[in-house]
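For the sequence shown, our numbering begins at 22 and goes up steadily by one.
Here is the structure we will look at, set down as structure tokens.
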Amino acid sequence: MEGQKTYRAAANRIVDTLMVLLLPMLLAYSLIGEKFHEIVGTTMFLLFLAHLFLHRKWWRSVFKGRYTPYRACLTAVNIILLVLMFLQPLSGMTVSKHLYTFLPLAGLASQAREIHMTLAYWCYVMMSFHLGMHMDLMVSIANRKLQTGTAVRRIISPAVWAISAYGIYAFIQRGFPDYMFQRTLFAYFDYDEPKIAFFADYLAIMILFAAVGYYAGRLLKKK
22 MEGQKTYRAA
32 ANRIVDTLMV
42 LLLPMLLAYS
52 LIGEKFHEIV
62 GTTMFLLFLA
72 HLFLHRKWWR
82 SVFKGRYTPY
92 RACLTAVNII
102 LLVLMFLQPL
112 SGMTVSKHLY
122 TFLPLAGLAS
132 QAREIHMTLA
142 YWCYVMMSFH
152 LGMHMDLMVS
162 IANRKLQTGT
172 AVRRIISPAV
182 WAISAYGIYA
192 FIQRGFPDYM
202 FQRTLFAYFD
212 YDEPKIAFFA
222 DYLAIMILFA
232 AVGYYAGRLL
242 KKK
């Protein structure tokens, strides 16, 4: 039983890490190429299914027990993510030019393209927030295992705040609000921009919403 728990925890860490690494790549649609984008998107969906399987006990317990403010918020976020993560690949298959061209969905491509792009940005924000809501446990484990001292925490905390502050700028500069609320229907990419600058901005946005989720979770746990 103990070995099974260890295996499940290790598998969960691997799946979650891969999802976090692939997430920014999905929004670098034109920078990584259409075919590779479809491969990454398919991989992300398979990892999401693995994530669901590894957390199947959590989903079976949704209608059991007492709901605290934290649990209610986490459940709402998870359900929203569940819907988004199923709609995202479905809309993606509709506009596919490489892996899923055998599907008879070509007539829906124009509407699905707009939906797919909008869902992509909502997924990015919600997955980052979801990650942050689980960071409290991860931070506690890291502090225990690494015996993180006060001096280290004094360095990490301001760094997270600084990156999050920049993340607000990147969130606006990269047009997230316009994409999320369909004020802009086509993603713009500067092909002369170094790819590292693109991914640095998207990482800052991820850290921003993970920090929001982390502190929101801590606040809700106190209620």
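Here a beta-carbon is modelled for each residue, glycine too, at the ideal position from N, C-alpha and C.
On a predicted model such as this, the values are computed, not experimentally measured, just so you know.
1) Considering only the alpha carbon of each residue, which of F210, K78, L111, Y187 lies closest to I228?
2) How is A208 classed by DSSP in three states: helix, strand or coil?
3) With distances taken Cα to Cα, identify the nearest neighbour of G238 among K78, K85, A49, A93.
4) Distance, Cα to Cα, A68 vs I184?
5) Is L102 helix, strand or coil when you go by DSSP?
6) Threshold first: 4 residues or longer. Then list the alpha helix (DSSP H) segments lying entirely within the region 64 to 119, N to C.
7) Any contact of the region 200 to 219 with the region 50 to 58, i.e. 3+ C-beta pairs under 8 Å?
8) Spatial neighbours of F197 within its chain, please: CB distance less than 6 Å, with the 5 preceding and 5 following residues excluded, ordered by chain position.
9) Decide yes or no for the touch test of the region 24 to 35 against the region 115 to 122: beta carbon pairs closer than 8 Å, at least 3 of them.
10) In angstroms, rounded to a whole number, what distance separates the CA positions of T96 and V83?
11) How many angstroms separate the CA atom of F107 from the CA atom of A30?
12) Under DSSP, the alpha helix (DSSP H) around K244 begins and ends at which residues?
13) Identify, in the order they occur along the chain, each residue of the same chain with its Cβ nearer than 8 Å to the Cβ of H72, setting aside the five sequence neighbours on each side.
14) Please work out which residues of its chain come closer than 7 Å, Cβ to Cβ, to A232, disregarding the five sequence neighbours upstream and downstream, and give them in chain order.
15) Please say whether L42 and Y145 have beta carbons closer to each other than 9 Å?
16) The alpha helix (DSSP H) with F197 in it runs from where to where?
Straight from the coordinates:
1) Position 207 of the sequence shown, counted from the start, is the residue given in the question as residue 228. Between I228 and the set F210, K78, L111, Y187, the nearest pair of CA atoms involves Y187.
2) Working through the sequence shown from its first residue, we reach residue 208 at position 187. In this structure, A208 counts as coil in the three-state DSSP scheme.
3) The residue you call residue 238 lines up with position 217 of the sequence shown. Residue A93 is the option with its Cα nearest to G238.
4) Position 47 of the sequence shown, counted from the first residue, corresponds to residue 68. Position 163 of the sequence shown, counted from the first residue, corresponds to residue 184. Checking the sequence, you will find Leu at residue 68 rather than Ala. Near 28 Å, if we compare the C-alpha coordinates of I184 and L68.
5) Within the sequence shown, residue 102 is the residue found at index 81, counting from 1. Per DSSP, reduced to three states, the secondary structure at L102 is helical.
6) Listed in chain order, they are 77 to 81, 90 to 115.
7) A contact exists between the region 200 to 219 and the region 50 to 58.
8) For the purposes of this step, residue 197 is taken as residue 176 along the sequence shown, with counting starting at 1. Taken in chain order, the residues that qualify are Y142.
9) At 8 Å Cβ cutoff, the stretches do not touch.
10) On the sequence shown, residue 96 is found 75 positions in, with the first residue counted as 1. On the sequence shown, residue 83 is found 62 positions in, with the first residue counted as 1. For the pair T96 and V83, the Cα-to-Cα distance works out to about 8 Å.
11) As a position in the sequence shown, residue 107 is number 86, starting the count at 1. As a position in the sequence shown, residue 30 is number 9, starting the count at 1. So the alpha carbons of these two residues sit roughly 24 Å apart.
12) Taking the first residue of the sequence shown as 1, we reach residue 244 at position 223. From DSSP, K244 is part of no alpha helix (DSSP H); its letter is neither H nor E.
13) Translated into the one-based positions of the sequence shown, residue 72 becomes position 51. Excluding its 5 nearest sequence neighbours in each direction, H72 has C-beta neighbours in its own chain below 8 Å: N33, V36, D37, M40, listed in chain order.
14) Within the sequence shown, numbered from 1, the residue matching residue 232 stands at position 211. Closer than 7 Å at Cβ, skipping near neighbours: G153, V181, S185.
15) For the purposes of this step, residue 145 is taken as the residue at position 124 of the sequence shown. For the purposes of this step, residue 42 is taken as the residue at position 21 of the sequence shown. Not in contact: Y145 and L42 (Cβ atoms no closer than 9 Å).
16) Residue mapping note: residue 197 aligns to position 176 of the sequence shown, counting from 1. Per DSSP, F197 belongs to the alpha helix (DSSP H) from 197 to 201.
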